[in-house]
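Enquirer: One structure, pasted below without further comment.
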Amino acid sequence: MPITMLWAVDVYGRVYSLSTAGQRWERADDMLLELKRVTAGKGRCWGIGCDHHVYLNMMPSETSIRYREETYENQRWNPVDNFTDTLLPTDRWPWSDVTGMNPQPLHSFQLPSRSWEWEGDWYVDQSCGGEPSQTGGWEYAVDFPANFSPDKKWNSCVRRRRWIRYRRYTAQGSWAKIPLDNPRKPPLPLCDISCGGWELSDQSGKYPYLWGVSQQGEVWFREGIHPRVPEGSSWEEIEVPKEVAQLSAGPGDLLWVVLWDGNLLVRNGLSLDCPTGTSWVEVESPTKEIEALHVSVGVSVVWVVTKDYKVWFRRGVNSHNPCGSGWISIGGEMMVVDVGLNDQVWAVGEDRGLYFRMGVTLTEPSGSGWIPVSGQWGNNKEFIPPRKECEFGGQLTDASQASVLSCTDSDSELGPAEPPNSSKDAAVLEAAASSVVPLGRADTPTPPLKSDDTPSASLQDAPKTFIPASDSFINSLVSDRDKTSTPQQSITEAPQEEVEEPSPAPIALTPGTVGPDVPWMNVDLEGAGAARCAQAAGPSLGDGSAAATYALGTLETPQGVGEADAPVWTWISGGGCDVDASSQISWLSPTVQSAAWSEQQQQEHREEISRKPLERSHSVWVRKGALRWMRDWKPQRWVDVSVALEQSTKSDGRKDSIFFVYYTQYDEKKYLHVCINEVTALVPVLRDCHHAFAVYTTQRTKQRGPLVLAAQTEKDMNDWLSLLSDCCCEGRGIAGPPSRQALWSTTSKGDIMVHEPSFSLEAAAHTLACDLMFWRQVPGHLRCVESNSLGLVWGVGWDGTAWVYSGRYGQPTAPAGDEVQMLQQTDFRSVHVYENQRWNPMAGYTDKGLPTDRAMWSDESGLNECTKGNTNPPTPQWSWVSEWTVDYNVPGGTDKEGWQYAADFPVTFHGHKTMKDFVRRRRWTRKCKITLRGPWQQVPPIRLSDISLMPCLAQSSMEQVPLWALSDKGDVLCRLGVSPQNPEGSSWLHVGTDQPFKSISIGGANQVWAIAKDGAVFYRGSVSPQNPAGECWYHIPSPPRQTLRQLSVGRTSVFAVDENSNLWIRQGLTPSYPQGSAWELISNNVGKVTVGPLDQVWIIADGVPGFTSEPPGAVCHRLGVGPMQPKGQAWDFGIGGGWEHISVRGNSVEAPRAPHVPAVGPPRSPLPPRPPTQVNGSAVGV
């Protein structure tokens, strides 16, 4: 690691530097130099002097800074004198720059400042175009605007040659004054400067930009800073809408300023081509009541200190979003905060000590706590500790504040009397900081003094020694007039764990030895008299004293004023200090402790800390990465973006996260963000064979356009999905496995999703909107899943394998030794492509179709071309396990070669050829396999096509839960022995039928309904716990001219879906007539239906009205369903696009009912008589 410097300024204007390779603070060589503030960058440090001039300190390096001055000598040929400097009136100057527009004679070149010197005299450049020339450096051309060459031709009428002179920068390693602009108007006296912007350029010669603020609130920009011109050339004023008090520029394109009114401004449009930016955006202070005092920015962070010395962190800051998105309070009370290299944070505490924010990383930019900067000072090896309030325990009177005039206005006739037994150089004991200094206000008063150490009354009333705090000594006195006389409390930040804090260091009184001529007349005579009386009246304070006075020394002391003690800091700059959270720096070690700190003091400090209430500070955690984004507008295409997930932890432990996506459109940096608490689902999707996933929010669900992102690898996609899902669950307080009441669903990809219901989900009034539901993923892969309120969950894979959920329910944390068992789960799936042919009289059936025909290799619909070569498994997780073969098990049958015939492609195909069949097709199939781990246990050995668990209320108790299923061949099965203790059951019981079935469902009171493969509907009679298989099947007439394909039975209702995607409800269901009386049409556009134990109705819709381009499969909730209105009133569309199955049969969470109010007035009229319906079905023998 290269050696870099940390810069700091004390209240007397002295500048110090601390090397990362050293341990001791070094003062600048120029003892007369007094600076207000400094700002450091890579290899340099700028400062503002008390004389309002700007100073620059360039770090010494092996390569000297040299600048080449050049000018061109121009001549024209004439027949008399040959080539002379007598030019035509329209020609360029005899001595000019390379363009010829500006005159540059040799004597016009002057050194820009005293920091430069000439290396030699002017000489002619003997090379032409970089190659040696024998022409004396002359270049010839026909005329001046033409191209020059070293070859002299017969028509060469003009010539030129270049003169060169080098100047060298000699002020490296020392502070050099920047000259004023001449002849341009210089800026008014500056009160603040900041350098940054060196990361805007990707070139090797990176150089910073310098910004300044004048005392009138103007913003200035230093032009012409270059590696060979470190001082720059001139100042340019930047228009600003309001007066500015302080600014900060980051290494990149961030610039924030603090206004006089306490608000902040952000500069937009900073770039390499436009280093001054384009516009300002105002940002409010972190709190409206308290104004901002100081701001500091880094690459992608912003820190602010308000006037109550509270520290704030701006979240969401990025070059695409320089304004950020919100404020987060950070523990600690600081006066100045500075963001250095690697976004590391330095600060000057309210106690005037220097601090470093430990734990600042790319993933945790807010850090974890403050530690002191413990550099060695003076000739001893003691560390400079953070100062405590007890060091300044006195009081400064108003009269003494108002008497400040200057440092050398007049002489003092009175001086503090020297008490007996005093020493001019009394020792001052300093205590080093502990490992971690917690920052925040102390709530514990100072421990009482011992009886033998109690000072006299005059000593207690001694004036408080004033320590300057602002730009200069005088300005600080004026700015601190409004300070109260109450002693300051110590700076404490209560971290998340109890941390020791150093007790105040014992301070011995240093009586003054000032003679009759005191050069410091800025101390009030009344205050000096009070101090003198206090010293004369009482003895010196011993260790543990709560107040102390500092006498004024003379200028004859070798250390100078204030140098006998450790510096009292007022400014810090870490812009040139290259450290990070993992750096091993001796003066940043959190374990350093002074030997002067006794064990007794440490024990007293521990007891004091233990009595203080702990405050949990906020923290910020960030995860960044690079993904690809399917942009929202047309034409839709993949765009490379950078993403960031920012999570803030509040003092009460609650977490708030924001997901940012940064992109560039037409060379303009933009971003979009998603609040994690607004995310409703995170679903893997298949897009162009990418490892993609979709982020759904409430608004995007309504617009039917999720945020689709893709990663480079499957691992990256899973990492981001897991990270985002964890943040979503933490923000909603969801932990552990799904509850017994959860809603289960599967997507067309086989992903398993669950939703934790609330009371408002099925409430009659103020029902939770369907697009507000949050779905989270459960590991595994299934085609359909069914559940009930007792915690039983069964699923069926794409290959027909039955699986039972092996996790637990409603347990946030698993007991020791009882973790969720993750088992290996496999699933098989067949992928199909269709080979199409058309008949012609010459060659018969061939792959030459008409121009209007479908592709000769396509999917089932014929809309998409699919060949055996370009068809891939459903997702990259699948792998092929077989080769392409002809599929003979196709609905409608095939001939011996697998062909199906039809008159034309859009019509129905059949398995035999006729004279009118001019087209044919056959299906090719290939199997693929997926292997993953999830909480699912296989139930052998029969493969299933449908499954149903009896719904029940949560308070129900059953020894065995009825479970009915259909095998892949259509056989009806009943599972015995299923219970919450034994969810997989014991054995299958075959229920006889005269034909294969395709859908089955069991509802309340053991009602079993089923649909045969030909569309016939059946009801199973006499099913009971004692007779789980029932007695016989009753045939139920289907709706007129419709063929049902799927049904679901609730507590008292039956819903079914036909082949045309129409939803039907069975009317007239009563305990005495459980088969019902008639079918009533409810709606169309329905794919699947599920009815819960509360008779709630949910469907998977084929599409959403108004969004024809969305893939089929949207979750929908039927609103208004009740005992008096079993068919409901309207649909509420939720998340959609690729949902395959949903089950609400485990949700028995019922909203609390309002107390019954007796009806007032005459009774209501009875319901009108129901019209006659078709008769009940008849029994069918088995």
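Its first residue numbered 14, the sequence shown is counted upward by one per residue in the working numbering.
Glycine included, each C-beta is placed from N, C-alpha and C at the ideal position.
Select from Arg27, Thr33 and Met18 the residue whose C-alpha is nearest the C-alpha of serine 599.
Expert: Counting from 1 along the sequence shown, the entry for residue 599 is found at position 586. Nearest C-alpha to serine 599: Thr33.
Enquirer: Can you list, in chain order, the stretches of the beta strand (DSSP E) that have 3 or more residues and sit fully within the segment 235–303?
Expert: 247–251, 257–262, 268–272, 277–281 and 292–296
Enquirer: One question on the structure: do leucine 260 and aspartate 205 come within less than 8 Å of each other, judged by their Cβ atoms?
Expert: Sequence index remark: in the sequence shown, residue 260 carries index 247 (1-based). Sequence index remark: in the sequence shown, residue 205 carries index 192 (1-based). Cβ atoms of leucine 260 and aspartate 205: closer than 8 Å.
Enquirer: If you drop the 5 nearest sequence neighbours on each side, which residues of the same chain put their C-beta closer than 6 Å to that of valine 656?
Expert: On the sequence shown, residue 656 is found 643 positions in, with the first residue counted as 1. For valine 656, the CB contacts under 6 Å within the same chain, skipping 5 residues up- and downstream, are Gly638, Leu640 and Val674 in chain order.
Enquirer: If we cut at 8 Å on Cβ distances, does alanine 723 have a partner in chain D?
Expert: Judged by its chain identifiers, the structure shown contains no chain D, having just a single protein chain.
Enquirer: With three or more C-beta pairs closer than 8 Å as the rule, is the segment 73–83 touching the segment 183–191?
Expert: yes
Enquirer: Which class does glutamine 1080 belong to by DSSP, given the choice of helix, strand or coil?
Expert: Your numbering for residue 1080 matches position 1067 in the sequence shown. Residue state for glutamine 1080 is assigned as strand, using DSSP reduced to three classes.
Enquirer: Leaving out five residues before and five after serine 1014 in sequence, what residues of the same chain have Cβ atoms less than 6 Å from its Cβ?
Expert: On the sequence shown, residue 1014 is found 1001 positions in, with the first residue counted as 1. Hits under 6 Å: Ser961, Trp1022, Leu1060, Ser1061 and Val1062.
Enquirer: How far does the beta strand (DSSP E) with glutamine 913 in it reach, from first residue to last?
Expert: Your numbering for residue 913 matches position 900 in the sequence shown. Glutamine 913 -> beta strand (DSSP E) spans 912–915.
Enquirer: How about glycine 1151 and lysine 762: are their beta carbons less than 8 Å apart?
Expert: Within the sequence shown, residue 1151 is the residue found at index 1138, counting from 1. Within the sequence shown, residue 762 is the residue found at index 749, counting from 1. Yes, Cβ-Cβ distance for glycine 1151 and lysine 762 is below 8 Å.
Enquirer: Below 8 Å, can you find three or more Cβ-Cβ pairs linking the segment 666–680 to the segment 327–337?
Expert: Result yes; three or more Cβ-Cβ pairs closer than 8 Å.
Enquirer: Please state if the CB of serine 819 and the CB of arginine 753 are separated by a distance shorter than 8 Å.
Expert: Numbered from 1 along the sequence shown, position 740 holds the residue referred to as residue 753. Numbered from 1 along the sequence shown, position 806 holds the residue referred to as residue 819. Result no, Cβ atoms of arginine 753 and serine 819 do not sit closer than 8 Å.
Enquirer: Quick check on asparagine 883: does DSSP put it in helix, strand or coil?
Expert: Taking the first residue of the sequence shown as position 1, residue 883 is located at position 870. Residue state, collapsed to three classes: coil.
Enquirer: Using 8 Å as the threshold, is the C-beta distance between serine 227 and leucine 201 below it?
Expert: As a first step, residue 227 is located in the sequence shown; it is residue number 214 there, counting from the start. As a first step, residue 201 is located in the sequence shown; it is residue number 188 there, counting from the start. Taking 8 Å as the Cβ cut-off, serine 227 and leucine 201 qualify as a contacting pair.
Enquirer: Taking only runs of the beta strand (DSSP E) that begin and end inside the segment 1126–1172, which ones reach a length of at least 3 residues, in chain order?
Expert: 1127–1132, 1143–1149 and 1152–1156
Enquirer: Going by the CB atoms, is the gap between serine 738 and leucine 795 shorter than 8 Å?
Expert: Reading the sequence shown from its first residue, position 782 is the one you call residue 795. Reading the sequence shown from its first residue, position 725 is the one you call residue 738. No, these two residues do not count as a Cβ contact at 8 Å.
Enquirer: Can you tell me whether glutamate 775 is helix, strand or coil according to DSSP?
Expert: In the sequence shown, residue 775 corresponds to position 762, counting from 1. Correct three-state label for glutamate 775: helix.
Enquirer: How many Å lie between glycine 1149 and alanine 1143 at the Cα?
Expert: Here residue 1149 refers to the residue found at position 1136 of the sequence shown. Here residue 1143 refers to the residue found at position 1130 of the sequence shown. If I take the Cα positions, the gap works out to 17 Å.
Enquirer: With aspartate 1071 as the anchor, note down where its alpha helix (DSSP H) starts and where it stops.
Expert: If you number the sequence shown from 1, residue 1071 lands on position 1058. From DSSP, aspartate 1071 is part of no alpha helix (DSSP H) but of the beta strand (DSSP E) over 1067–1071.
Enquirer: Quick check: the segment 950–969 against the segment 921–936, are there 3 or more CB pairs under 8 Å?
Expert: no
Enquirer: Run through the segment 174–232 for me and flag every whole beta strand (DSSP E) of 3 or more residues, listed as ranges in chain order.
Expert: With a minimum length of 3 residues, the continuous beta strand (DSSP E) runs that stay inside the segment 174–232 are 188–190, 203–209 and 222–227.
Enquirer: In or out: arginine 27 buried (at least 16 other Cβ within 10 Å) or exposed?
Expert: Here residue 27 corresponds to residue number 14 of the sequence shown, with the count starting at 1. Answer is buried; the Cβ neighbour count reaches 16.
Enquirer: Using the three-state DSSP reduction, which class does methionine 730 fall into: helix, strand or coil?
Expert: For the purposes of this step, residue 730 is taken as the residue at position 717 of the sequence shown. In this structure, methionine 730 counts as helix in the three-state DSSP scheme.
Enquirer: Just checking my contact of glutamate 108 with glutamate 86 at CB under 8 Å: how many whole Å lie between their CB atoms?
Expert: Residue numbering aside, residue 108 sits at position 95 when the sequence shown is read from its first letter. Residue numbering aside, residue 86 sits at position 73 when the sequence shown is read from its first letter. A quick correction: the sequence has tryptophan, not glutamate, at residue 108. So it is a contact: roughly 6 Å between Cβ atoms.
Enquirer: Check this for me: beta carbons of tyrosine 222 and proline 288, under 8 Å apart or not?
Expert: As a working note, residue 222 is residue 209 in the sequence shown. As a working note, residue 288 is residue 275 in the sequence shown. Yes, these two residues count as a Cβ contact at 8 Å.
Enquirer: Could you give the distance in angstroms between the alpha-carbon of proline 993 and the alpha-carbon of leucine 805?
Expert: Along the sequence shown, one-based indexing puts residue 993 at 980. Along the sequence shown, one-based indexing puts residue 805 at 792. One C-alpha to the other measures close to 6 Å.
Enquirer: Please report the distance separating the alpha-carbon of glutamine 12 from that of glycine 1159.
Expert: In this structure the chain extends from 14 to 1195, so residue 12 is not present and cannot be described.
Enquirer: What's the C-alpha gap between glycine 1005 and valine 985?
Expert: What you label residue 1005 is simply residue 992 of the sequence shown in a count that begins at 1. What you label residue 985 is simply residue 972 of the sequence shown in a count that begins at 1. Going by the C-alpha atoms only, they are around 7 Å apart.
Enquirer: Compute the distance between the beta-carbons of glycine 7 and valine 257, then report whether it is under 8 Å.
Expert: Look at the range of the chain in this structure, 14 to 1195, and you will see that residue 7 is not part of it.
Enquirer: Flag this pair as yes or no: are the beta carbons of valine 903 and serine 1156 separated by less than 8 Å?
Expert: Counting from 1 along the sequence shown, the entry for residue 903 is found at position 890. Counting from 1 along the sequence shown, the entry for residue 1156 is found at position 1143. No.
Enquirer: Can the beta-carbon of tryptophan 316 be found closer than 8 Å to that of tryptophan 340?
Expert: Taking the sequence shown and counting its residues from 1, the one referred to as residue 316 is at position 303. Taking the sequence shown and counting its residues from 1, the one referred to as residue 340 is at position 327. Contact: no.
Enquirer: Quick one: what does DSSP say glutamate 514 is sitting in, helix, strand or coil?
Expert: As a first step, residue 514 must be located in the sequence shown, where it is residue number 501. Any reading at glutamate 514 must be qualified, since the residue scores a pLDDT of 37, below 50, and its modelled position is unreliable; no value is offered.
Enquirer: Whose C-beta lies closer than 8 Å to the C-beta of serine 77 among residues of the same chain, with five residues either side of it excluded?
Expert: Taking the sequence shown and counting its residues from 1, the one referred to as residue 77 is at position 64. Around serine 77: Arg181, Tyr182 and Gln185.
Enquirer: Label glutamate 681 either buried or exposed according to how many other C-beta atoms from any shown protein chain fall within 10 Å of its C-beta, with 16 as the threshold for buried.
Expert: Along the sequence shown, read from residue 1 onward, the residue named residue 681 stands at position 668. Exposed: under 16 other Cβ atoms inside 10 Å.
Enquirer: Considering only DSSP beta bridges, list what glutamine 123 is partnered with.
Expert: Within the sequence shown, the letter at position 110 stands for residue 123. Answer by DSSP bridge pairing: none, since glutamine 123 is not bridged.
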